[in-house]
């Protein structure tokens, strides 16, 4: 089917590697050939009409999205020496569209590399805009080994898109327009995995330009999630420019518990009713995986006063997704939208035959109540 994509004066366009905004971007798209790949990002507008409508905040077209003669790799830059980058946590997309995942790959950039920043219609960026810690998408010519995996990507005549990068760190100090962080992770990779040589960055005192995002009233030691862009390679402080800052208490946390693979657990809970679930910490089948995930940090549940109550009480009741089952179970995977229905389904599933392998809950941990308030609970049965 078709869809109408609405744009406005603020819509960002990246067309054949060139950034535009508003009407200029729409004009550039109009010159593309029929069947040129286009991706639009934004929000659904109307699904009631015969042809749905979509409001776009960003549009990518042509070689900004796909190139039949180029390989695409995305990941985070963990080191740079001259024009040689080390890209880590790599997703590789071949010209055929097939994707694979590799630990790292070297990338070469140069004076002719086309560099753009997603969402920012600014020309004049250069290869020096790509620095350690930056999340990127690279299009270039790859050297491919016998396993069809790239061993190097040459982007000296290619393209690099700078994407919003997420970091985690605890606050050392802050003024109205800057913050110093003890850096834990960049793009989900530990700060210890980065080589900051050639930059001004010190992971123990990572300098963030916060602009209007005043963090001066935030207590020292607070774990922060920061989104933004890394400073150009070789530039002085600040090391990072923030577009959004969120304390960990306002982010979604995860609680993960797993029982032994091969045996799982027939009776893993002390209780599981309308009030919630309490895990039995003494269950003989409990594995070593039992933690609370706060951003990049994991807290072992054994360090808490007791295993917390996992409950939906206090969560947005209109947003509950509670699931139990497996692809091999008689009833498959059942999804519920209330704690009472979920408790009933869970008790029915644990009929003496099925065993629980893994529980993952998403929500927020209430330390005062030692309760994990969840909008998502997934109980996977052993297959």
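Numbering (our numbering), first residue to last: 2 to 384.
Every residue gets a Cβ at the ideal spot worked out from N, C-alpha and C, and that includes glycine.
Taking 7 Å as the CB-CB limit, is residue 88 close to chain C?
This model lacks chain C altogether, as it is built from one protein chain only.
Tell me the rounded alpha-carbon separation between residue 335 and residue 287.
24 Å
Would you kindly check if the distance between the Cβ of residue 133 and the Cβ of residue 200 is under 7 Å?
yes
Given a threshold of 16 other Cβ atoms within 10 Å of its Cβ, counted over all protein chains shown, does residue 384 qualify as buried or as exposed?
exposed
Those residues which DSSP pairs with residue 297 across a bridge:
None, per the DSSP bridge assignment.
Mapping DSSP to helix, strand and coil, what is residue 183?
strand
Terminal residues of the continuous beta strand (DSSP E) containing residue 225?
224–231
So the candidates are 224, 259, 207; which of them puts its Cα closest to the Cα of residue 239?
207
Per DSSP, which residues does residue 13 bridge with? Please list them.
22, 59
Same chain, Cβ closer than 6 Å to residue 115, neighbours up to 5 away in sequence not counted
18, 160
With residue 189 as the anchor, note down where its alpha helix (DSSP H) starts and where it stops.
No alpha helix (DSSP H) contains residue 189, which DSSP labels as neither H nor E.
Who are residue 385's beta bridge partners in DSSP?
Residue 385 lies beyond the residue range present for the chain, which begins at 2 and ends at 384; the question has no answer from this structure.
Taking contact to mean 3 or more Cβ pairs, one atom from each stretch, closer than 8 Å, check whether the stretch 330–348 and the stretch 241–260 are in contact.
no
Mind pulling the beta strand (DSSP E) runs of 3 or more residues that sit fully within the stretch 77–159?
85–94, 100–109, 115–118, 136–145
Pairs of beta-carbons, one from the stretch 47–60 and one from the stretch 145–165, closer than 8 Å: are there three or more?
no
Determine the closest residue to residue 74 out of 281, 84, 100, 81, with distance taken between C-alpha atoms.
100
From this set, 290, 63, 47, which residue's C-alpha is nearest residue 34's C-alpha?
63
Beta-carbon proximity of residue 108 to residue 86, cut-off 7 Å:
yes
For my contact list, residue 290 and residue 362 are in at a C-beta cut-off of 8 Å; report their separation, rounded to the angstrom.
That belief does not hold up - the Cβ atoms of residue 290 and residue 362 are roughly 14 Å apart, past 8 Å.
Can we say the stretch 139–149 touches the stretch 244–257, given the rule of at least three CB pairs closer than 8 Å?
no
Residues of its chain near residue 39, where Cβ-Cβ distance is below 6 Å and the 5 sequence neighbours each way are ignored:
62
So, at 8 Å on beta carbons, what are the nonlocal neighbours of residue 10 in its own chain, with the 5 sequence-adjacent residues on each side left out?
22, 23, 24
Are residue 347 and residue 273 closer than 7 Å when you measure CB to CB?
yes
Residue environment, residue 308, which counts as buried when at least 16 other CB atoms sit within 10 Å
buried
Residue 211 versus residue 179: straight-line alpha-carbon distance, rounded
5 Å
Can you confirm whether the stretch 215–228 touches the stretch 159–177 when touching is taken to mean that 3 or more C-beta pairs between the two stretches lie within less than 8 Å?
yes
Quickly, what does DSSP pair residue 365 with across the bridge? List them, please.
374
Identify whether residue 195 lies in helix, strand or coil by the three-state DSSP scheme.
coil
Would you mind sorting residue 237 into buried or exposed? The rule is 16 or more other CB atoms within 10 Å of its CB.
exposed
Go to residue 391, then tell me how far its beta strand (DSSP E) extends in each direction, as first and last residue.
Only positions 2 to 384 of the chain appear in the structure, and residue 391 is not among them; the question remains open.
Just the C-alpha distance for residue 7 and residue 120, rounded to the nearest angstrom, thanks.
17 Å
Starting from residue 168, trace the beta strand (DSSP E) in both directions and tell me its first and last residue.
166–175
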